[in-house]
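Peer 1: Residue numbers (our numbering), protein chains in the order written: chain A, 5 to 224; chain B, 33 to 285. Yeah, the Cβ is synthetic: ideal placement off N, Cα and C, and Gly gets one too.
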């Protein structure tokens with residue numbers, strides 16, 4: 005437990021010393037969301053209809069941006085090896101690294117979600133549902149993405165490969181999350197989608213650290 | 033209990049010997065021509081049956097003949113993934129070199145069948161549905177399966193060290209298998225959620241025996257083709273990996 009907390013503290017400290025890691029994906033996210041009306045036109049109705057999909061697609065891409073460097077620096081400076089050798093279960097420590105990834109990419113998106121909802125004039129209901137789907141969905145993006153990041157950790161210029169591996173695995177999240185927001189927008193019940201998201205969250209948070217640590221050990 | 037090799041049962045002994053690279057190489061060499069001939073024969077029979085003997089469908093006309101290639105390809109695309117999954121499990125747990133070779137060399141064949149299923153589906157869709165592509169649940173999940181295959185192949189090629197590549201792809205294959213049902217059902221749900229079915233399934237009476245037999249023979253032909261191709265690729269990969277060993281040097285002298 006103490007090792008986990010120490011790792012959490014160290015990773016957060018490293019991130020805050022390099023604020024670009026947090027800010028750049030967010031700016032990228034904002035930029036993508038801003039570009040969409042420029043591409044499809046400023047028609048309020050159309051924008052409202054496609055907003056859930058756009059917001060979630062942008063979230064997927066922003067998550068990918070920060071994934072590439074999730075384990076690489078630790079692999080190069082040897083600290084990953086030390087983590088694998090420590091008596092604390094390696095899966096738990098990779099879980100902490102996933103948590104840190106979520107804290108720097110997922111959490112800011114949730115905090116900013118009312119802003120996006122306003123940009124696309126979503127209803128109050130849909131705004132609330134958007135925040136909930138982000139809360140349930142972004143940890144899954146971090147956890148599943150970490151598997152891809154671990155598999156590609158020793159490959160140089162792995163950005164496109166990482167996207168190819170990880171994006172198909174994001175399909176269910178995209179469907180249920182964007183579907184829930186659309187349904188809320190239309191005044192339909194969303195509990196079904198939210199339960200599915202919660203189930204996926206439980207599944208990925210429990211299993212992904214194990215797969216991630218196994219993938220990392222291959223590369224050590 | 034005596035567990036010396038001579039006392040073990042026949043099947044275990046066979047598999048143990050099969051796991052040795054040199055034995056497998058010779059074994060595959062014997063089987064490839066037989067399996068290949070069988071695949072070719074069955075293929076010709078099924079093709080003859082499907083194209084010439086069976087009647088055209090009363091609704092779909094001659095386009096129904098695309099089914100004899102389309103349906104077996106789609107089945108194979110899933111069958112090969114499951115085959116890869118079991119081999120990946122075996123290679124991670126028991127570290128059997130041959131299993132990870134099998135898992136890795138299956139991927140391009142699986143991707144080819146997936147592509148074939150999508151392509152023939154598009155050819156069939158144009159006259160039947162009026163469009164090469166519709167965002168139907170089945171089509172979409174088959175397309176995502178193609179991307180999964182592509183990811184596996186790409187990862188395998190991107191890692192230089194063969195051992196590392198094999199283990200990494202094995203993990204990705206297993207992660208993919210956990211996801212395939214989730215992806216499949218979520219895509220199905222997505223389609224029913226978003227839009228009413230634009231294309232309801234054609235009113236399909238259960239298939240008649242006349243049309244069924246070429247389909248089944250073609251499925252068998254594809255299976256045998258897969259195993260022929262698999263053994264050929266596995267032999268090649270085996271030689272590449274074992275090129276330092278003595279038996280390969282003797283073989284290639």
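So, helix, strand or coil for residue 93 of chain B, using DSSP?
Peer 2: strand
Peer 1: Residue 251 of chain B versus chain A: which residues are under 8 Å apart at the beta carbon?
Peer 2: Those do not exist, as residue 251 of chain B stays about 26 Å from chain A at its closest Cβ, beyond 8 Å.
Peer 1: Which parts of the stretch 94–174 of chain B are runs of the beta strand (DSSP E), unbroken and 3 residues or longer, counting only runs that do not cross its ends?
Peer 2: none
Peer 1: What does the alpha-carbon distance come out to for the pair residue 175 of chain B and residue 158 of chain A?
Peer 2: 28 Å
Peer 1: Could you have a look at residue 192 of chain B and say whether DSSP puts it in helix, strand or coil?
Peer 2: coil
Peer 1: Measuring straight from C-alpha to C-alpha, what distance separates residue 25 of chain A and residue 71 of chain A?
Peer 2: Going from the Cα of residue 25 of chain A to the Cα of residue 71 of chain A covers about 10 Å.
Peer 1: On the three-state DSSP scale, how would you describe residue 279 of chain B?
Peer 2: helix
Peer 1: Put residue 194 of chain A into one of helix, strand or coil per three-state DSSP.
Peer 2: coil
Peer 1: Classify residue 264 of chain B as helix, strand or coil using the three-state DSSP reduction.
Peer 2: Residue 264 of chain B: helix per DSSP, three-state reduction.
Peer 1: I'd like the list of long-range same chain contacts for residue 139 of chain A, defined as Cβ closer than 8 Å, with 5 residues on each side in sequence excluded.
Peer 2: 114
Peer 1: Locate the alpha helix (DSSP H) running through residue 134 of chain A, then write down its first and last residues.
Peer 2: 128–155
Peer 1: Excluding sequence positions up to five away, which residues of its chain have a Cβ less than 6 Å from the Cβ of residue 105 of chain A?
Peer 2: 74 and 146
Peer 1: Helix, strand or coil, according to DSSP, for residue 86 of chain B in the structure here?
Peer 2: coil
Peer 1: Give me, in chain order, the residues of the same chain whose beta-carbon lies closer than 8 Å to that of residue 150 of chain B; leave out the 5 immediate sequence neighbours on both sides.
Peer 2: 171, 174, 175 and 178
Peer 1: Would DSSP call residue 51 of chain B helix, strand or coil?
Peer 2: Three-state DSSP puts residue 51 of chain B in coil, outside helix and strand.
Peer 1: Can you list the residues of chain A that residue 50 of chain B reaches, using a CB-CB cut of under 9 Å?
Peer 2: Neighbourhood of residue 50 of chain B in chain A, by CB distance below 9 Å: empty, with the nearest CB roughly 25 Å away.
Peer 1: Using a cut-off of 8 Å between C-beta atoms, extract the partners of residue 182 of chain B located in chain A.
Peer 2: 168
Peer 1: Between residue 106 of chain B and the rest of its own chain, which residues show a CB-CB distance below 6 Å, the 5 nearest in sequence each way excluded?
Peer 2: Excluding residues within five positions, the ones whose Cβ falls inside 6 Å are 149.
Peer 1: Closer than 8 Å, CB to CB, is residue 102 of chain A near chain B or not?
Peer 2: no
Peer 1: Determine the contact status of residue 127 of chain A and residue 189 of chain A, defining contact as a CB-CB distance below 8 Å.
Peer 2: yes
Peer 1: Using beta carbons (cut-off 8 Å, strictly below), is residue 219 of chain A in contact with chain B?
Peer 2: yes
Peer 1: Residues of the stretch 22–44 of chain A with a CB closer than 7 Å to any CB of chain B: list them in chain order, please.
Peer 2: Listed by position along the chain: nothing, the set is empty.
Peer 1: Is the beta carbon of residue 181 of chain B sitting closer than 8 Å to the one on residue 139 of chain B?
Peer 2: yes
Peer 1: What does a CB cutoff of less than 6 Å around residue 137 of chain B pick up in its chain, not counting 5 residues either side in sequence?
Peer 2: 265, 266 and 269
Peer 1: Can you list, in chain order, the residues of the stretch 200–221 of chain B whose Cβ is nearer than 8 Å to any Cβ on chain A?
Peer 2: 200, 203, 204, 206, 207, 208, 210, 211, 214, 215, 218, 219 and 221
Peer 1: Contact criterion: CB-CB distance below 8 Å. Does residue 159 of chain A meet it with respect to chain B?
Peer 2: yes
Peer 1: What separation, rounded to the nearest whole angstrom, lies between the Cα atoms of residue 20 of chain A and residue 284 of chain B?
Peer 2: When rounded, the distance between both Cα atoms is 58 Å.
Peer 1: Using only alpha-carbon positions, find the residue among B:50, B:126, B:159 and B:154 that is nearest to residue 93 of chain B.
Peer 2: B:159
Peer 1: Which stretch, first to last residue, makes up the alpha helix (DSSP H) that contains residue 20 of chain A?
Peer 2: 6–21
Peer 1: Based on Cα-Cα distance, which residue from B:95, B:261 and B:162 lies nearest to residue 83 of chain B?
Peer 2: Residue B:95 is the option with its Cα nearest to residue 83 of chain B.
Peer 1: I want to see whether chain B comes within less than 8 Å of residue 215 of chain A, judged by CB atoms only; does it?
Peer 2: yes
Peer 1: Go ahead and pull the three-state DSSP assignment for residue 234 of chain B.
Peer 2: Low local confidence applies: a pLDDT of 46 at residue 234 of chain B is under 50, so the model's placement there is unreliable, with the coordinate-based value given in what follows. Residue 234 of chain B falls in the coil class under three-state DSSP.
Peer 1: Note down, in chain order, each residue of its chain lying with its Cβ closer than 7 Å to the Cβ of residue 251 of chain B, except the 5 sequence neighbours on either side.
Peer 2: 104 and 107
Peer 1: For a cutoff of 8 Å on Cβ pairs, would you count residue 230 of chain B as touching chain A?
Peer 2: Low per-residue confidence applies at residue 230 of chain B: pLDDT is 41, beneath 50, and the placement is therefore not dependable enough to give any value.
Peer 1: For residue 36 of chain A, tell me which candidate among A:123, A:133 and A:53 has the shortest Cα-Cα distance.
Peer 2: It is A:123.
Peer 1: Taking C-beta to C-beta, are residue 220 of chain A and residue 92 of chain A nearer than 8 Å?
Peer 2: no
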